[in-house]
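For the sequence shown, counting from 1, position 82 maps to 81 in numbering that gives the first Met the number 0; every step adds exactly one. Beta carbons are placed, not taken as given, at the ideal position from N, Cα and C, and that holds for glycine.
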Amino acid sequence: MAPAPGHKPTKAQRAAATRERERVAAEEQQRKDRRNGMLAKWGVVVAGLIVVALIAVVVINTVRGRIPDAGPAPQGGNAQGGITLLSSTDTAPTGTDTVDVATLPAEPAAEGAIPEGITSVTNGPLQVVAYVDINCVHCADFEARHSEQILSWLDAGEITFEYRTVAYLDRNSSTEYSSRAANAVACVADSAPEAYFDVNQRLFAHYEQGELDDDGLVALAADAGAGDISACVEEGTFRPWTKFATAAAQAAAVGGTPTVFVNGAAVPNAVEDFETTVQEELDARS
(Lines of atoms letter the chains of each structure in order from A and count residues from 1; the text may use other names and numbers.)
(Lines give C-alpha, C1' and ligand atoms only; values in the text may rest on other atoms or scores of the structure.)
Protein backbone atom coordinates (compact mmCIF):
# COMPACT_ATOMS: atom_id res chain seq x y z
CA MET A 1 0.00 0.00 0.00
CA ALA A 2 1.33 3.42 -0.93
CA PRO A 3 1.85 5.85 1.95
CA ALA A 4 -0.67 8.55 2.45
CA PRO A 5 0.45 11.88 1.03
CA GLY A 6 1.57 14.48 3.67
CA HIS A 7 0.19 17.98 4.07
CA LYS A 8 2.00 20.59 2.01
CA PRO A 9 3.32 23.58 4.07
CA THR A 10 1.50 26.78 3.61
CA LYS A 11 3.08 29.85 2.11
CA ALA A 12 3.42 31.40 5.58
CA GLN A 13 5.13 28.29 6.91
CA ARG A 14 7.54 28.27 3.99
CA ALA A 15 8.37 31.91 4.59
CA ALA A 16 8.91 31.27 8.30
CA ALA A 17 11.23 28.35 7.56
CA THR A 18 13.23 30.49 5.14
CA ARG A 19 13.56 33.23 7.73
CA GLU A 20 14.78 30.69 10.32
CA ARG A 21 17.39 29.29 7.94
CA GLU A 22 18.58 32.82 7.20
CA ARG A 23 18.74 33.62 10.94
CA VAL A 24 20.78 30.49 11.68
CA ALA A 25 23.11 31.23 8.74
CA ALA A 26 23.55 34.83 9.89
CA GLU A 27 24.39 33.75 13.45
CA GLU A 28 26.89 31.21 12.14
CA GLN A 29 28.52 33.86 9.95
CA GLN A 30 28.73 36.20 12.96
CA ARG A 31 30.44 33.50 14.98
CA LYS A 32 32.91 32.89 12.14
CA ASP A 33 33.57 36.61 11.83
CA ARG A 34 34.22 36.88 15.60
CA ARG A 35 36.60 33.91 15.49
CA ASN A 36 38.44 35.32 12.53
CA GLY A 37 38.64 38.70 14.21
CA MET A 38 40.10 37.22 17.39
CA LEU A 39 42.60 35.17 15.39
CA ALA A 40 43.64 38.29 13.51
CA LYS A 41 44.09 40.22 16.75
CA TRP A 42 46.15 37.43 18.33
CA GLY A 43 48.17 37.19 15.14
CA VAL A 44 49.04 40.86 15.46
CA VAL A 45 49.98 40.38 19.13
CA VAL A 46 52.17 37.33 18.40
CA ALA A 47 53.81 39.11 15.49
CA GLY A 48 54.49 42.06 17.76
CA LEU A 49 56.06 39.84 20.40
CA ILE A 50 58.25 38.19 17.79
CA VAL A 51 59.41 41.58 16.56
CA VAL A 52 60.18 42.69 20.13
CA ALA A 53 62.12 39.47 20.78
CA LEU A 54 64.11 39.89 17.57
CA ILE A 55 64.90 43.49 18.44
CA ALA A 56 66.07 42.39 21.91
CA VAL A 57 68.36 39.75 20.38
CA VAL A 58 69.80 42.28 17.95
CA VAL A 59 70.34 44.84 20.72
CA ILE A 60 72.01 42.30 23.04
CA ASN A 61 74.27 41.01 20.29
CA THR A 62 75.09 44.56 19.29
CA VAL A 63 76.00 45.45 22.87
CA ARG A 64 78.15 42.34 23.16
CA GLY A 65 79.89 43.24 19.93
CA ARG A 66 80.67 46.71 21.25
CA ILE A 67 82.80 45.43 24.14
CA PRO A 68 86.41 46.01 23.05
CA ASP A 69 88.89 43.16 23.03
CA ALA A 70 91.46 45.30 24.85
CA GLY A 71 91.16 47.49 27.91
CA PRO A 72 92.49 48.38 31.35
CA ALA A 73 93.17 45.86 34.09
CA PRO A 74 91.97 46.68 37.62
CA GLN A 75 94.42 47.17 40.43
CA GLY A 76 95.73 43.72 41.35
CA GLY A 77 94.64 42.22 38.02
CA ASN A 78 97.12 39.74 36.55
CA ALA A 79 97.96 38.49 33.08
CA GLN A 80 95.56 35.53 33.41
CA GLY A 81 92.53 37.65 34.27
CA GLY A 82 92.71 36.96 38.00
CA ILE A 83 92.87 39.02 41.18
CA THR A 84 94.76 37.48 44.11
CA LEU A 85 93.87 38.06 47.73
CA LEU A 86 96.77 37.99 50.18
CA SER A 87 94.37 38.52 53.09
CA SER A 88 90.70 39.38 53.38
CA THR A 89 91.53 43.05 52.75
CA ASP A 90 94.70 43.02 50.60
CA THR A 91 95.22 42.11 46.97
CA ALA A 92 98.56 41.23 45.41
CA PRO A 93 100.20 43.98 43.35
CA THR A 94 100.89 43.17 39.70
CA GLY A 95 102.45 44.91 36.75
CA THR A 96 99.48 44.27 34.44
CA ASP A 97 97.98 47.55 33.24
CA THR A 98 96.07 46.38 30.16
CA VAL A 99 94.80 43.15 28.63
CA ASP A 100 93.94 42.14 25.06
CA VAL A 101 92.05 39.07 23.86
CA ALA A 102 94.26 39.08 20.75
CA THR A 103 97.24 38.01 22.88
CA LEU A 104 95.59 34.72 23.86
CA PRO A 105 96.33 31.42 22.08
CA ALA A 106 94.23 30.82 18.99
CA GLU A 107 93.68 27.17 19.93
CA PRO A 108 92.46 26.00 23.34
CA ALA A 109 94.74 24.00 25.59
CA ALA A 110 94.35 20.25 25.89
CA GLU A 111 91.68 19.14 28.32
CA GLY A 112 93.16 18.67 31.78
CA ALA A 113 96.07 21.05 31.19
CA ILE A 114 97.00 23.35 34.08
CA PRO A 115 96.24 26.98 33.19
CA GLU A 116 98.97 29.61 33.12
CA GLY A 117 99.94 31.10 36.46
CA ILE A 118 98.94 28.04 38.50
CA THR A 119 101.77 26.19 40.18
CA SER A 120 102.78 24.09 43.15
CA VAL A 121 104.20 26.27 45.92
CA THR A 122 106.61 24.65 48.37
CA ASN A 123 107.31 27.71 50.52
CA GLY A 124 104.99 30.43 51.70
CA PRO A 125 101.20 30.50 51.51
CA LEU A 126 99.43 27.74 49.62
CA GLN A 127 98.15 28.92 46.24
CA VAL A 128 94.42 28.57 45.59
CA VAL A 129 92.92 29.66 42.26
CA ALA A 130 89.16 29.59 41.61
CA TYR A 131 87.37 30.14 38.32
CA VAL A 132 83.92 31.45 39.24
CA ASP A 133 80.87 33.01 37.61
CA ILE A 134 78.76 35.23 39.85
CA ASN A 135 75.57 33.93 38.24
CA CYS A 136 76.56 30.29 38.89
CA VAL A 137 74.53 28.35 41.46
CA HIS A 138 77.38 25.95 42.22
CA CYS A 139 79.73 28.88 42.77
CA ALA A 140 77.20 30.33 45.21
CA ASP A 141 77.13 26.95 46.99
CA PHE A 142 80.94 26.85 47.08
CA GLU A 143 81.15 30.33 48.62
CA ALA A 144 78.36 29.69 51.13
CA ARG A 145 80.04 26.51 52.31
CA HIS A 146 83.67 27.64 52.39
CA SER A 147 83.89 31.44 52.66
CA GLU A 148 84.39 31.51 56.44
CA GLN A 149 87.22 28.98 56.25
CA ILE A 150 88.78 30.82 53.29
CA LEU A 151 88.67 34.02 55.35
CA SER A 152 90.34 32.28 58.29
CA TRP A 153 93.13 30.81 56.15
CA LEU A 154 93.70 34.12 54.38
CA ASP A 155 94.03 36.17 57.53
CA ALA A 156 96.30 33.52 59.05
CA GLY A 157 98.58 33.84 56.02
CA GLU A 158 98.20 30.15 55.18
CA ILE A 159 96.81 30.59 51.66
CA THR A 160 96.45 33.09 48.86
CA PHE A 161 93.12 33.03 47.04
CA GLU A 162 92.86 34.12 43.42
CA TYR A 163 89.50 34.80 41.80
CA ARG A 164 89.36 34.42 38.03
CA THR A 165 85.86 35.73 37.50
CA VAL A 166 84.35 34.76 34.14
CA ALA A 167 81.10 35.40 32.31
CA TYR A 168 80.21 31.95 30.99
CA LEU A 169 76.55 32.38 31.95
CA ASP A 170 75.75 35.58 30.07
CA ARG A 171 73.89 33.28 27.69
CA ASN A 172 71.36 32.62 30.47
CA SER A 173 70.73 36.30 31.21
CA SER A 174 68.93 38.96 29.17
CA THR A 175 71.04 41.62 30.92
CA GLU A 176 74.49 39.96 30.74
CA TYR A 177 74.48 39.73 34.52
CA SER A 178 77.65 37.64 34.73
CA SER A 179 79.62 40.30 32.86
CA ARG A 180 78.03 43.22 34.68
CA ALA A 181 78.68 41.68 38.10
CA ALA A 182 82.25 40.74 37.15
CA ASN A 183 82.80 44.32 36.03
CA ALA A 184 81.45 45.55 39.38
CA VAL A 185 83.83 43.42 41.46
CA ALA A 186 86.72 44.56 39.25
CA CYS A 187 85.64 48.15 39.95
CA VAL A 188 85.85 47.38 43.67
CA ALA A 189 89.26 45.72 43.31
CA ASP A 190 90.51 48.80 41.50
CA SER A 191 89.25 51.49 43.87
CA ALA A 192 88.62 49.72 47.18
CA PRO A 193 90.57 46.42 47.32
CA GLU A 194 89.94 46.17 51.06
CA ALA A 195 86.26 45.50 50.24
CA TYR A 196 86.88 43.07 47.36
CA PHE A 197 86.48 39.85 49.33
CA ASP A 198 83.35 41.10 51.11
CA VAL A 199 81.69 42.27 47.89
CA ASN A 200 82.30 38.87 46.30
CA GLN A 201 80.71 37.13 49.27
CA ARG A 202 77.68 39.43 49.23
CA LEU A 203 77.14 38.92 45.51
CA PHE A 204 77.23 35.14 45.80
CA ALA A 205 74.96 35.28 48.86
CA HIS A 206 72.46 37.27 46.78
CA TYR A 207 72.18 34.50 44.16
CA GLU A 208 68.84 33.16 45.45
CA GLN A 209 67.28 36.65 45.18
CA GLY A 210 68.08 36.87 41.48
CA GLU A 211 70.02 39.26 39.32
CA LEU A 212 70.85 42.80 40.39
CA ASP A 213 70.57 45.76 38.06
CA ASP A 214 73.41 48.27 37.91
CA ASP A 215 71.95 50.38 40.71
CA GLY A 216 71.72 47.25 42.85
CA LEU A 217 75.36 46.39 42.18
CA VAL A 218 76.41 49.91 43.13
CA ALA A 219 74.33 49.82 46.32
CA LEU A 220 75.67 46.40 47.35
CA ALA A 221 79.25 47.60 46.92
CA ALA A 222 78.55 50.76 48.91
CA ASP A 223 77.00 48.71 51.73
CA ALA A 224 80.21 46.64 51.84
CA GLY A 225 82.31 49.77 52.30
CA ALA A 226 83.56 50.05 48.71
CA GLY A 227 82.43 53.63 48.25
CA ASP A 228 80.79 54.89 45.07
CA ILE A 229 81.53 52.74 42.02
CA SER A 230 78.61 54.07 39.98
CA ALA A 231 80.69 55.68 37.22
CA CYS A 232 82.80 52.54 36.78
CA VAL A 233 79.67 50.35 36.60
CA GLU A 234 77.74 52.65 34.27
CA GLU A 235 80.71 53.07 31.92
CA GLY A 236 81.56 49.37 31.98
CA THR A 237 85.18 50.28 32.62
CA PHE A 238 86.28 46.68 33.17
CA ARG A 239 83.98 44.93 30.70
CA PRO A 240 87.00 44.36 28.38
CA TRP A 241 88.83 42.89 31.40
CA THR A 242 85.91 40.51 31.99
CA LYS A 243 85.84 39.60 28.29
CA PHE A 244 89.57 38.85 28.48
CA ALA A 245 89.25 36.78 31.69
CA THR A 246 86.47 34.73 30.09
CA ALA A 247 88.40 34.17 26.87
CA ALA A 248 91.53 33.27 28.85
CA ALA A 249 89.59 30.64 30.80
CA GLN A 250 88.19 29.19 27.58
CA ALA A 251 91.67 29.15 26.04
CA ALA A 252 92.84 27.26 29.13
CA ALA A 253 90.09 24.64 28.54
CA VAL A 254 88.28 25.50 31.79
CA GLY A 255 84.95 23.87 31.10
CA GLY A 256 82.77 25.20 33.90
CA THR A 257 82.54 26.92 37.25
CA PRO A 258 83.58 26.59 39.96
CA THR A 259 86.88 25.11 38.82
CA VAL A 260 89.36 25.26 41.69
CA PHE A 261 93.08 24.53 41.81
CA VAL A 262 94.96 23.91 45.08
CA ASN A 263 98.75 23.80 45.03
CA GLY A 264 98.83 23.34 41.25
CA ALA A 265 96.21 20.57 41.00
CA ALA A 266 92.50 20.67 40.22
CA VAL A 267 90.06 19.72 42.97
CA PRO A 268 87.73 17.16 41.35
CA ASN A 269 84.67 18.15 43.39
CA ALA A 270 85.34 21.66 44.63
CA VAL A 271 82.02 22.20 46.40
CA GLU A 272 82.35 19.04 48.46
CA ASP A 273 86.10 18.51 48.81
CA PHE A 274 87.74 21.94 48.85
CA GLU A 275 88.39 22.29 52.59
CA THR A 276 89.63 18.72 52.94
CA THR A 277 92.02 19.18 50.02
CA VAL A 278 93.46 22.43 51.36
CA GLN A 279 93.83 21.08 54.88
CA GLU A 280 95.64 17.98 53.66
CA GLU A 281 98.10 20.19 51.77
CA LEU A 282 98.62 22.39 54.82
CA ASP A 283 99.09 19.37 57.09
CA ALA A 284 101.68 17.93 54.70
CA ARG A 285 103.79 21.02 55.27
CA SER A 286 103.72 20.73 59.04
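Could you check what DSSP says for Ala265 in three-state terms: helix, strand or coil?
If DSSP states are grouped into helix, strand and coil, Ala265 belongs with the strands.
Report yes or no: do three or more beta-carbon pairs, one from the stretch 167–178 and one from the stretch 107–121, lie closer than 8 angstroms?
No contact exists between the stretch 167–178 and the stretch 107–121.
Report the three-state DSSP secondary structure of Gln126 (helix, strand or coil).
If DSSP states are grouped into helix, strand and coil, Gln126 belongs with the strands.
Apart from the five residues just before and just after Ala139, which ones in its own chain have a Cβ nearer than 6 angstroms to its Cβ?
Phe203 and Tyr206.
So what does Asp99 bridge to, in DSSP terms?
In DSSP, Asp99 forms a bridge with Ala69.
So Ile82 and Phe260 are in contact, right, with Cβ under 8 angstroms, and what is the actual spacing, rounded?
Here Ile82 is actually not in contact with Phe260; their C-beta atoms are around 15 angstroms apart, not less than 8 angstroms.
Is it buried or exposed for Ser87, if we count other Cβ within 10 angstroms and need 16 for buried?
When all chains shown are included, Ser87 counts as buried.
How long is the line joining the alpha carbons of Asn35 and Gly235, rounded to whole angstroms?
Spanning the two alpha carbons is a distance of roughly 49 angstroms.
Would you mind stating whether Arg144 and Asn182 have Cβ atoms separated by less than 8 angstroms?
Contact: no.
For Phe160 and Leu84, which I take to be in contact (beta-carbon distance under 8 angstroms), what is that distance rounded to the nearest angstrom?
About 5 angstroms; that satisfies the 8 angstroms criterion.
For Glu19 and Glu27, the rounded distance between their alpha carbons
Using only the alpha carbons, I get a separation of about 12 angstroms.
Under the DSSP definition of a beta bridge, which residues are partnered with Thr159?
Thr159 is bridged by DSSP to Gln126.
beta-carbon Phe196 near the ligand ZN non-hydrogen atom, thresh 7 angstroms
By its list of ligands, the structure shown contains no ligand whatsoever, and the ligand ZN lies outside what it can speak to.
Identity of the residue in Val277, Ala101, Gly94 and Thr121 nearest Pro73 by Cα:
Out of Val277, Ala101, Gly94 and Thr121, Gly94 has the C-alpha closest to the C-alpha of Pro73.
Is the Cβ-Cβ distance between Ala218 and Val198 less than 8 angstroms?
For Ala218 and Val198, no; Cβs fall outside 8 angstroms.
Cβ-based burial, Lys31 [other Cβ within 10 Å; buried from 16]
Counting every other CB atom within 10 Å of its CB across the protein chains shown gives Lys31 a total below 16, marking it as exposed.
Give me the Cα-Cα distance between Thr17 and Gln29, rounded to the nearest whole angstrom.
Whole-angstrom Cα-Cα distance: 18 angstroms.
Suppose the cutoff is 7 angstroms on Cβ atoms and the five residues either side in sequence are ignored; what does the same chain contact list for Gly153 look like?
Looking at the sequence provided, one finds Leu at residue 153 rather than Gly. Once the five neighbours on either side are set aside, the close Cβ partners of Leu153 are Leu84, Ser86, Ser87 and Phe160.
Just to check my reading of the structure: Ala247 and Thr258 have Cβ atoms closer than 8 angstroms, yes? What is that Cβ distance to the nearest angstrom?
The distance from the Cβ of Ala247 to that of Thr258 is about 13 angstroms, inconsistent with a contact at the 8 angstroms cut-off.
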